[in-house]
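Just below is one structure, and these are the notes that go with it.
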Amino acid sequence: KYTAPKGSSLFLLPYAAHKDPKHWVDPEKFDPERFTPENSEHRHPYAYIPFSAGMRSCPGSKYGM
C-alpha cells in the first residue's frame, strides 16, 4: 500500500498495466484470445485501458474499436 501526500500528482502508466503478469498470462506474448468475452469476464476492468478510462478517456474509443 502506498500513501501520496495531499496535492500530489499521480500518473498511471498503461504500458506497465498492460504488461502486468498479475492480470495477464504471458503478457509479452501476442494473444488475441485473451480479449474474448469468456477470457475477459473475470479480469479487472482497468487491466486493459488503451484509451485511458473514466471521465477523461479518449472520446474516439467507441470509434476505434
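Each number in the working numbering corresponds to the 1-based position in the sequence shown with 1315 added.
Even for Gly, the Cβ is constructed at its ideal location relative to N, Cα and C.
Item to check | Helix, strand or coil at S1367 according to DSSP, with G and I counted as helix | outcome: Locating residue 1367 in the sequence shown gives position 52, where the first residue counts as 1. Strand.
Item to check | C-alpha distance - R1349 paired with T1318, whole-angstrom precision | outcome: Within the sequence shown, residue 1349 is the residue found at index 34, counting from 1. Within the sequence shown, residue 1318 is the residue found at index 3, counting from 1. In this model, R1349 and T1318 are separated by some 33 angstroms (Cα to Cα).
Item to check | For A1332, three-class secondary structure by DSSP | outcome: As a position in the sequence shown, residue 1332 is number 17, starting the count at 1. Residue state, collapsed to three classes: helix.
Item to check | Spatial distance of G1369 from A1362 (CA atoms) | outcome: On the sequence shown, position 54 is the one that residue 1369 refers to. On the sequence shown, position 47 is the one that residue 1362 refers to. G1369 and A1362: Cα-Cα distance of roughly 13 angstroms.
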